[in-house]
Amino acid sequence: MKLYREGSHTEEVGRALLSQIGELAQIAGWIASDAGRHEEAERIYKLGISAAQQAEDRTLVGNLAGSLAYQYSNTGQEREGLLLACAALDQAGNDAPPKARALYLDRVAWAHTKTNEAQPAMRALGEASEALAEDGEGRESPQYLYWVEAGELQVMESRVYTELKRPLRAVPLLRDVLARYDATHTRELALYLSWLAVALADANEPEEAAATAQRVMTLSADVASERTAERVKVVLRRLEEYRDVPEVREVLDEAA
Numbered sequence: 038m039k040l041y042r043e044g045s046h047t048e049e050v051g052r053a054l055l056s057q058i059g060e061l062a063q064i065a066g067w068i069a070s071d072a073g074r075h076e077e078a079e080r081i082y083k084l085g086i087s088a089a090q091q092a093e094d095r096t097l098v099g100n101l102a103g104s105l106a107y108q109y110s111n112t113g114q115e116r117e118g119l120l121l122a123c124a125a126l127d128q129a130g131n132d133a134p135p136k137a138r139a140l141y142l143d144r145v146a147w148a149h150t151k152t153n154e155a156q157p158a159m160r161a162l163g164e165a166s167e168a169l170a171e172d173g174e175g176r177e178s179p180q181y182l183y184w185v186e187a188g189e190l191q192v193m194e195s196r197v198y199t200e201l202k203r204p205l206r207a208v209p210l211l212r213d214v215l216a217r218y219d220a221t222h223t224r225e226l227a228l229y230l231s232w233l234a235v236a237l238a239d240a241n242e243p244e245e246a247a248a249t250a251q252r253v254m255t256l257s258a259d260v261a262s263e264r265t266a267e268r269v270k271v272v273l274r275r276l277e278e279y280r281d282v283p284e285v286r287e288v289l290d291e292a293a
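Numbering (our numbering), first residue to last: 38 to 293.
Put into structure tokens, the structure is as follows:
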């Protein structure tokens, strides 16, 4: 930011610097949010949004606003999260790159899920898949959206179904994703398994849920992520209903 404010540069270079500030804010905000430093993350995201707006980079504005909306949805500010997720989608416009629109629609789906609005959530999931299907040769997306692909949309779909208590849809999706997921991505693997454990419990499969929860706990022990730690707590709370099942009791006792 100091380089932009104090340096001498052309308007074009100035916009490029502002976009770089916005992209760095996206990374820094995500790291702060994942560590549980939500106020700091909000400040960083808002700084990035301001920089992206000055750079007239609508796609980047949408990405940052959507990330902040996602944090709101996950930290007890569900209504604010929904409003901001919808605003991020509208801000980007219909000419946004397909990957960007797919990501924004995924965040809208999650925001609707957290406000217990099942039909709008599932409708947004369908629209996200349609948007991603338009991606291809000649449809360039910013480099920072490299990770947005069909598997990631499938993860969000399964999470939405889990949250909406529809395990018969969630479990097959999660198993499909996890069967081909890179096991070296420990944090993401632990998170995805945590959703599978909850979905299995909802499907009245306590023994399998307990085995999956054990994997989540093992993986999470080596990950410095507040979000992963919170997911472990969610899984353990869900398993309490089945404490009388020996496999579940063993996992709960170990956690205690």
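Where a beta carbon is used, it is the ideal one built from N, C-alpha and C, also for glycine.
I need the DSSP call for residue 218, collapsed to helix, strand or coil. Taken through DSSP and simplified to helix, strand or coil, residue 218 comes out as coil.
Kindly indicate which residue of 179, 177, 167 and 173 has the alpha-carbon position closest to the one of residue 191. Closest option to residue 191, judged by alpha-carbon separation, among 179, 177, 167 and 173: 167.
When you compare each of 198, 128 and 125 to residue 156 by their alpha carbons, which one comes out closest? 198
For residue 235, which of 93, 52, 130 and 251 has the nearest alpha-carbon? Minimum Cα distance to residue 235 is reached at 251.
Once you ignore the five residues that flank residue 117 on each side, which residues in its own chain have a CB closer than 6 Å to its CB? 109
Which same chain residues end up closer than 7 Å to residue 149 when comparing Cβ atoms and leaving out the 5 residues on each side of it in sequence? 119, 157, 158 and 161
Go through its chain and collect everything with a Cβ distance to residue 277's Cβ below 8 Å, but skip five positions before and after it. Contacts found: 289.
With a Cβ-Cβ cutoff of 8 Å, do residue 128 and residue 98 count as a contact? yes
When DSSP labels each residue in this structure, what does residue 144 get in the three-state scheme? helix
When the Cα atoms are used, what is the spatial distance from residue 104 to residue 266? 20 Å
Nearest to residue 94 by CA position, among 261, 59 and 196, is which residue? 59
Excluding the five sequence neighbours on either side, which residues of its own chain have a C-beta within less than 7 Å of the C-beta of residue 274, listed in chain order? So the list is empty, once near-sequence residues are dropped.
Other residues of its chain near residue 61: CB distance less than 8 Å, five sequence neighbours each side excluded: 85
Inter-residue Cα distance where the pair is residue 259 and residue 138: 34 Å
Could you check which residue in 272, 56, 100 and 91 has the C-alpha nearest to that of residue 231? 272
Measuring only the C-alpha atoms, how far is residue 195 from residue 146? 11 Å
Cβ shell of residue 92 (< 7 Å), same chain only, five flanking positions each side left out: 52, 55, 56 and 59
Would you mind sorting residue 283 into buried or exposed? The rule is 16 or more other CB atoms within 10 Å of its CB. exposed
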